[in-house]
Amino acid sequence: MELDNTINDEMMQNVTEITTKRRTVVGPWKNKSEFQKVYQWLFGENYSAATRQQALAEIRIWNLRRSTQCPAAVLATAVIIEVQQKDHPDTIYSAEDLQTLYANAFTRFFNFMSSIMQTHNMRTMYQTAKELGLESFVVDLRHICAHGQVLPPLQVLRNTAEYCIGWLHDYYWVTQLNSMCDVDATRIRRKDKTNFDDNVSALFEIYDAALEGHMKGATNVKALKRHLHGKRFHIVKAYYTENNLTNLQEIFDHIAKKLHSLVKRDVAIKDISDIYIAALLRMRYFFTIFGIEDSAKEMESLITVNQTLFRMLAIYGFLDDLFLAFIEIAENPIADTTKRLASSFWAVQIINGFKAFQKCKQMYKAEMDENTKIKEPPFSYSNLTEISAATRELYIYSGVAMKRTFLFGDHFRRPWVWVFERDFLEERLEVINEYTAPILKNILPLIVPTLKSHEMETFTKLIDCFFNENIKADKLQNNSPTVYTVDDLLKHVKSNDVSAMDLDDDKLTYTSQSKTYGLWSVVEDDDWKSSPLGRVPWEL
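Mapping the sequence shown onto this note's numbering, position 387 (from 1) lands on 1397, and the numbers just tick up by one.
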């Protein structure tokens, strides 16, 4: 029987350990060592009045950090210790003052600890004390301190204070110290954030599978089965059937609108853009698409089904982060070649969309200058699919191939403007490669201060020369042996006189200009903004 009981006890202990779940609680301390430091100040072998004063100061900081979320046991410890710190032989407080301070401290102590056990059921203070493991005399003392006519003797209050501190030490401080461990804050996620991430990721997975089927020629689920297999086919089929869709093309707008509604519903979630971008970057087929610019049919098919998704990303400001993510992949030397090519392709499509909208805005401004009484159609900040007739006309008259271009401007009053500073161009040129070169050539019209047409043409030729691409005989009429480097590109980006570059000469001419102010002269080519404080450009 004794053996059986031992076995049963061991089994129960194991079951308890298995069923006990660890909770992740955000505390006001930076890490476990900070908590341990305060513990040592309060209860360590060498604690003193001075160390306990340090502990109280740290607890006040914790209270400021987390306010009402600071653990009740920590605050209860502080109210008792504060009174004990005032109770010493050289105190300025009288016995009556100390009695009052202890009485207030006990009332607050019990209120703090009662808050731990608050539930929807009413319970007496004695029941609360019993569940907490406190002796019943603490409740009696609390009643006397709160409602009695005469306060208990000072020595009774002192002894009770020692009991409460000892109980807090065993009930809270030691337990926390033994079970606490540091966690990576970046890996702590709210439950609603995790659910949101799962929903977004699932929708993008369906979107990617449907995109693969669409680009391979499928128009419905029956045809899709010839191109997709396994999980990818079944998730598209389930979504298709669940939402009563009639053809495969409808699925793209439907998912984009669902993603749109998720953002509106969970707008309070932090880092929502990161969740969307991370889910999109996990798409598989999406990052196999590139090199179809010369195929009008494929481009029209691709852009048409992705219009709504990219406009949704633009509405919520996710497109900026997505564009930078594409550039980072294209610049990454260890990234997969196919993914780098696809990132370059999609980045160029985004830029082309904003360049097209820029043309519309310029044309609209010109029309407004001529006729200020132009009647404007209704404007909505959440429109995903419709484009106003006036905006459509502007696109057509601007010479934009609407079926092969992302139309981010559904209305000419849309306040979207994409510009890039010269600093951005300089940074990208320092690590330019064959994947980022098409991106850099396409952002030239969006650089501020605005480049002139001949400057953009010269930059384009320089980039082509650097990679030996598209070099025609008429560009190098004298068969110049000049080899251009990234330094050449950077030199002429930093100088505002790009017209000084001549690709038809056998050498690159570059003339620095200076202005004279009495004894002093300023060379305009010196890049002072790149110099740290206390250094001059020519020392770098």
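Ideal Cβ placement from N, Cα and C applies to all residues, glycine included.
* For the candidate residues ARG1236, SER1125, PRO1163, MET1412, whose alpha-carbon lies nearest to that of ALA1105? -> PRO1163
* **Whole runs of the alpha helix (DSSP H) within the region 1436-1477, excluding any shorter than 4 residues** => 1447-1453, 1463-1476
* Helix, strand or coil: how does DSSP classify GLU1338 here? -> helix
* To do: Check the C-beta distance from TYR1405 over to LEU1417 and give it rounded, since I have them as a contact under 8 Å.
  => 7 Å
* To do: Quick one: residues in its chain with C-beta nearer than 8 Å to the C-beta of VAL1210, no 5 flanking neighbours on either side, listed in chain order?
  => LEU1269, LEU1272, ILE1285, TYR1286, ALA1289
* Apply the 10 Å Cβ neighbour rule to TYR1217 and answer buried if 16 or more other Cβ atoms are within range, or exposed otherwise. => buried
* **CA nearest to the CA of GLY1240, picked from THR1256, ASN1254, ALA1219, LYS1226** => ALA1219
* For the alpha helix (DSSP H) containing ASN1169, list its first residue and its last residue. => 1164-1178
* Nearest to ARG1075 (by Cα), restricted to the options ALA1115, ALA1060, PRO1038 -> PRO1038
* Asked: Going straight from the alpha carbon of LYS1187 to that of VAL1166, what length do you get?
  -> Residue identity check: residue 1187 is Leu in the sequence provided, not Lys. The straight-line gap from Cα to Cα measures roughly 30 Å.
* **Beta-carbon proximity list for LEU1255, same chain, < 7 Å, skipping 5 on both sides** => ILE1261, HIS1264
* **Cut-off 7 Å between Cβ atoms - residues of its own chain near VAL1084, not counting five sequence neighbours on either side** => ILE1069, TRP1072
* Just the C-alpha distance for ASN1362 and SER1043, rounded to the nearest angstrom, thanks. => 53 Å
* Asked: Nearest to LYS1365 by alpha carbon, out of LEU1454, TYR1374, ASP1331?
  -> LEU1454
* Asked: First and last residue of the alpha helix (DSSP H) that includes GLN1259?
  -> Premise fails: GLN1259 is in no alpha helix (DSSP H) and is neither H nor E.
* Segment limits, alpha helix (DSSP H) that includes TRP1072 -> 1059-1076
* Pull up the DSSP beta-bridge partners for GLU1431, would you. => VAL1458
* To do: Return the residue from the list LEU1435, PRO1459, VAL1458 that minimises the CA-CA distance to LEU1450.
  => LEU1435
* Own chain residues within Cβ distance below 7 Å of GLN1064, not counting five before or after -> TRP1051
* Asked: Under a Cβ-count criterion, where at least 16 other Cβ atoms within 10 Å of its own Cβ denotes burial, should GLY1223 be classed as buried or exposed?
  -> buried
* **Buried versus exposed, by CB contacts within 10 Å (16 or more), PRO1448** => buried
* For GLU1440, is the classification buried or exposed, using 16 other Cβ atoms within 10 angstroms of its Cβ as the cut-off for buried? -> exposed
* To do: Have a look at LEU1555 and ALA1340 and give me their C-alpha separation to the nearest angstrom.
  => This structure leaves residue 1555 out entirely; the chain is present only between 1011 and 1550.
* What are the start and end residues of the alpha helix (DSSP H) that includes THR1298? -> Careful: THR1298 lies outside any alpha helix (DSSP H) and carries neither H nor E.
* To do: Note down, in chain order, each residue of its chain lying with its Cβ closer than 8 Å to the Cβ of LEU1461, except the 5 sequence neighbours on either side.
  => LEU1454, PRO1455, PHE1469, VAL1508
* To do: Find out if the Cβ-Cβ distance for the pair CYS1155, PHE1119 is shorter than 8 Å.
  => no
* Rounded Cβ spacing between SER1354 and THR1446 (contact assumed at less than 8 Å) -> 7 Å
* To do: Please report the Cβ distance between HIS1244 and LYS1226, rounded to the nearest whole angstrom; I am assuming they are in contact, meaning their Cβ atoms lie under 8 Å.
  => The Cβ separation is near 17 Å, so there is no contact.
* To do: Quick one: residues in its chain with C-beta nearer than 8 Å to the C-beta of LEU1319, no 5 flanking neighbours on either side, listed in chain order?
  => TYR1217, PHE1262, ILE1265, ALA1266, LEU1269
* To do: Consult DSSP for LYS1047 and reduce its assignment to one of helix, strand or coil.
  => helix
* Asked: Using a beta-carbon distance below 8 Å, is VAL1093 in contact with chain D?
  -> Included in the structure is just one protein chain, with no chain D present.
* Find out if the Cβ-Cβ distance for the pair PHE1122, ALA1067 is shorter than 8 Å. => no
* Within this structure, are the beta carbons of PHE1206 and MET1293 separated by less than 8 Å? -> no
* To do: In the DSSP assignment, find the unbroken alpha helix (DSSP H) run with ILE1102 in it and report its ends.
  => Counting along the chain, ILE1102 falls outside any alpha helix (DSSP H), and DSSP gives it neither H nor E.
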